[in-house]
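A quick write-up on the structure given underneath.
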Amino acid sequence: MVRVPFRAAADRVRHRLSRLARPASRPRATAPKAARAAAGGVPEAPRTPVPGDLAAPAPRPWLRALGMLAVVVLGAWLGLLAVGSIRTPVGPMDTNMTLRPSLTGGSKINVAPLGALELDSHIAPLRLDVDVDRLDPERSQALVDQPERFSGLQDEVTRDVAAGTGELAVRSCVAVISGATALGLVVYRRPRRALAAGGLALALLAASGVSAYATWNPKSVLEPKFSGLLSSAPSLVGDARSIVTEFDIYQQELARLVTNVTKLYDATSTLPVYQPDPGTIRALHVSDIHLNPAAWHIIASLVEQYEIDVIIDSGDTMDHGSAAENGFLDPIRDLGAPYVWVRGNHDSTVTQDYLKKFRNVRVLDDGKAVNVGGLRIAGTGDASFTPDRTGPGGNKAAAQLEGARLASALRDQERAGTPVDIAVAHDPNTARETDGTVPLVLSGHLHRRINEQLKLGTRLKVEGSTGGGGLRAVQNEKPEKVHASVLYLDRSTRRLQAWDEITLGGLGLTTAEVSRHLPEENLKKDPLVPPSSSPSPTGSGTRPAPSP
Numbered sequence: 177m178v179r180v181p182f183r184a185a186a187d188r189v190r191h192r193l194s195r196l197a198r199p200a201s202r203p204r205a206t207a208p209k210a211a212r213a214a215a216g217g218v219p220e221a222p223r224t225p226v227p228g229d230l231a232a233p234a235p236r237p238w239l240r241a242l243g244m245l246a247v248v249v250l251g252a253w254l255g256l257l258a259v260g261s262i263r264t265p266v267g268p269m270d271t272n273m274t275l276r277p278s279l280t281g282g283s284k285i286n287v288a289p290l291g292a293l294e295l296d297s298h299i300a301p302l303r304l305d306v307d308v309d310r311l312d313p314e315r316s317q318a319l320v321d322q323p324e325r326f327s328g329l330q331d332e333v334t335r336d337v338a339a340g341t342g343e344l345a346v347r348s349c350v351a352v353i354s355g356a357t358a359l360g361l362v363v364y365r366r367p368r369r370a371l372a373a374g375g376l377a378l379a380l381l382a383a384s385g386v387s388a389y390a391t392w393n394p395k396s397v398l399e400p401k402f403s404g405l406l407s408s409a410p411s412l413v414g415d416a417r418s419i420v421t422e423f424d425i426y427q428q429e430l431a432r433l434v435t436n437v438t439k440l441y442d443a444t445s446t447l448p449v450y451q452p453d454p455g456t457i458r459a460l461h462v463s464d465i466h467l468n469p470a471a472w473h474i475i476a477s478l479v480e481q482y483e484i485d486v487i488i489d490s491g492d493t494m495d496h497g498s499a500a501e502n503g504f505l506d507p508i509r510d511l512g513a514p515y516v517w518v519r520g521n522h523d524s525t526v527t528q529d530y531l532k533k534f535r536n537v538r539v540l541d542d543g544k545a546v547n548v549g550g551l552r553i554a555g556t557g558d559a560s561f562t563p564d565r566t567g568p569g570g571n572k573a574a575a576q577l578e579g580a581r582l583a584s585a586l587r588d589q590e591r592a593g594t595p596v597d598i599a600v601a602h603d604p605n606t607a608r609e610t611d612g613t614v615p616l617v618l619s620g621h622l623h624r625r626i627n628e629q630l631k632l633g634t635r636l637k638v639e640g641s642t643g644g645g646g647l648r649a650v651q652n653e654k655p656e657k658v659h660a661s662v663l664y665l666d667r668s669t670r671r672l673q674a675w676d677e678i679t680l681g682g683l684g685l686t687t688a689e690v691s692r693h694l695p696e697e698n699l700k701k702d703p704l705v706p707p708s709s710s711p712s713p714t715g716s717g718t719r720p721a722p723s724p
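Mind the numbering: the sequence shown is residues 177 to 724 in my numbering, read in order.
Okay, structure coming up:
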């Protein structure tokens, strides 16, 4: 029993020596089984291939290559898991840095238990993971006591990350070589194959490092992507000194606060200057709140910051229009500006009757017109009532018929010498029917913005959802953004001069942007205003600059 392995080994050695001795000769062909049988010989039993025997059929080359690659990748990954991490300071933070295989590259900073932020720092098959352990009290206090250091925080963080990644690169080289070589030795049991696996792992790591270095983007820290509780962190950031005393809560927020403030100053310093006339009328257009209570806080903030003269709501404030929902409307009393409202297809006459009781609310229906905030505004409620969003949409023909009635009422107002400045309808199909009878018509319903100059001269402005689609938006794959617009109208002509489109991140997001626009006809009439310029929300004198 013991002699069998030795005999097999001896056969392999003898065969290889014979191959080396006669490299050009072919193996002696064996006689066919039939000939040997005819000669009275006994047929030879089929020989079992011996491992390592060159006479045995070799595996396919691409399978061997794939096998080697799998060993290299798995071994390198195991090596990185075992010893491929370092502990290093980054700015005011103590961190653990690790390299991980990735298809997209970049860096990920984990701030347990608050969440994580991702940076597009580089493009390579390796991701840099940074786990924030704590915010160092001494370094944080130094930042607060010496505010001038804030301007250099980004450079300091970049230097720390570069130094840490350099040390991490050396540690990672050792880790991947050791891991791939060890696994190659276990799988192949041949030192040459094992060393080849280690060398290939080093080559792959070096190529990844070159790719990361070539695509390194230090400014990626200015555009982080947040997840978890960090996505709502701006609501938590308070006084800078309180941040220092509450390390477990704020940690990375100090750096985030600094970079976001820097972005804000950089952006505002390049805004074109535009000063509305002191008598400019400012109207806030909102729509499709859909029972989202956060909308009232947003509207109240915009009213205060822009000094709004009138709020115009183009409907769908509710979801089902039931009496039980009426209490949701009570904050309208305290918004600080007159509130003009038309019924949407999710609002009922019960909702409408409830709002009529509010002293600061003007409910418009059937073409009714009112003077409010220096403007004459007319509107009509939606022709349909479809509170169940799973059902079919409103009837287009009914909406157009309601629009024809509104247009007729607008013409009657003009003949009576009281022309209307703004018409309001929930459905854009209704609003389009007013073309030629009013300078500006507002609507909603679509949950997206539309700005269109109609054929007969009326400007149609469709607002998105000021409630971010409402509470049902959590059912969507992505959160719906919050939309509102500030309209600037000349007090003497009551024509639209400019508007600001305000867009806020939806549920769980904290982005905010303001885009400013001028009507095309104003650009043609006023050669002093370049097409790319935008009106600043800052009024003359004491008007405050908004910061939604």
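Just so you know, even glycine gets a beta-carbon here, dropped at the ideal spot from N, CA and C.
Our two residues, P595 and D588, have alpha carbons roughly 9 angstroms apart in a direct line. Setting aside the 5 residues that flank it on each side, A583 is surrounded in the same chain by E609, T610 and T613, each with a C-beta closer than 6 angstroms to its C-beta; the list follows chain order. The count of Cβ pairs closer than 8 angstroms, one atom from the stretch 516-527 and one from the stretch 651-670, stays below three, leaving the stretches out of contact. L254 is positioned such that its CB atom lies closer than 9 angstroms to that of G355.
About 14 angstroms separates the beta carbon of S463 from that of D495, a gap too long to meet the 8 angstroms contact definition. In the displayed model, K284 falls within a strand according to three-state DSSP.
Under the rule that a run must span 4 or more residues, the alpha helix (DSSP H) segments found entirely inside the stretch 588-634 read 604-608. Using a Cβ distance threshold of 9 angstroms, R458 and V662 count as a contacting pair. In the DSSP annotation of this structure, R366 is not part of any alpha helix (DSSP H), being labelled neither H nor E. A distance below 8 angstroms between beta-carbons, with the five flanking residues on each side excluded, links G646 to the following residues of its chain, in chain order: D464, I465, H466, L467, N468 and D495.
Taking C-alpha positions only, E480 is separated from V690 by approximately 16 angstroms. Excluding sequence positions up to five before and after A585, its CB lies within less than 6 angstroms of the CB of G543, all in the same chain and listed in chain order. Beta-bridge pairing by DSSP links H659 to T679.
A459: member of the beta strand (DSSP E) spanning I457 to V462, first to last residue. The alpha-carbon separation between M244 and Y364 amounts to approximately 9 angstroms.
No Cβ-Cβ contact shorter than 9 angstroms links I598 with R667. Annotation: A372 to A258 spans about 21 angstroms, alpha carbon to alpha carbon.
S261 is bridged by DSSP to T274. Its chain contains L275, R276, P277, S278, T280, G281, G282, S283 and K284 as the residues whose beta carbon lies nearer than 8 angstroms to that of R303, once the 5 sequence neighbours on both sides are disregarded; these appear in chain order. Using a Cβ distance threshold of 9 angstroms, G491 and G557 count as a contacting pair. Residue nearest to A688 within the set L694, E696, P695 and T679 is T679 (criterion: CA-CA distance). R335 and W392 have their C-alpha atoms some 13 angstroms from each other. Contact between G555 and V600 holds: their C-beta atoms lie close to 3 angstroms from each other, under 8 angstroms.
Of the residues L632, V352, L344 and K637, the one whose Cα lies closest to the Cα of R624 is K637. When DSSP states are grouped into helix, strand and coil, D305 belongs to the strand group.
As summarised for the stretch 507-582, the continuous alpha helix (DSSP H) elements at least 4 residues long and confined to that stretch are 525-531, given in chain order.
Minimum Cα-Cα distance from W472 among the listed residues G681, L511, E501 and T456 corresponds to L511. Within 10 angstroms of the beta-carbon of E590 lie fewer than 16 other beta-carbons, which makes it exposed. The C-alpha of L359 lies about 33 angstroms from the C-alpha of D270. Short of 7 angstroms from the beta carbon of R509, and not among the five residues preceding or following it, lie these beta carbons of its own chain, in chain order: F534 and N536.
About 4 angstroms separates the beta carbon of L361 from that of A370, a gap short enough to meet the 8 angstroms contact definition. Note on geometry: alpha-carbon atoms of T669 and T634 lie some 15 angstroms from one another.
Annotated three-state conformation of L467 is coil, per DSSP.
Spatial neighbours of T456 in its own chain (CB-CB distance under 6 angstroms, excluding positions within 5 residues in sequence) are listed in chain order as Y664. S354 carries a helical assignment under DSSP once its states are collapsed to helix, strand and coil.
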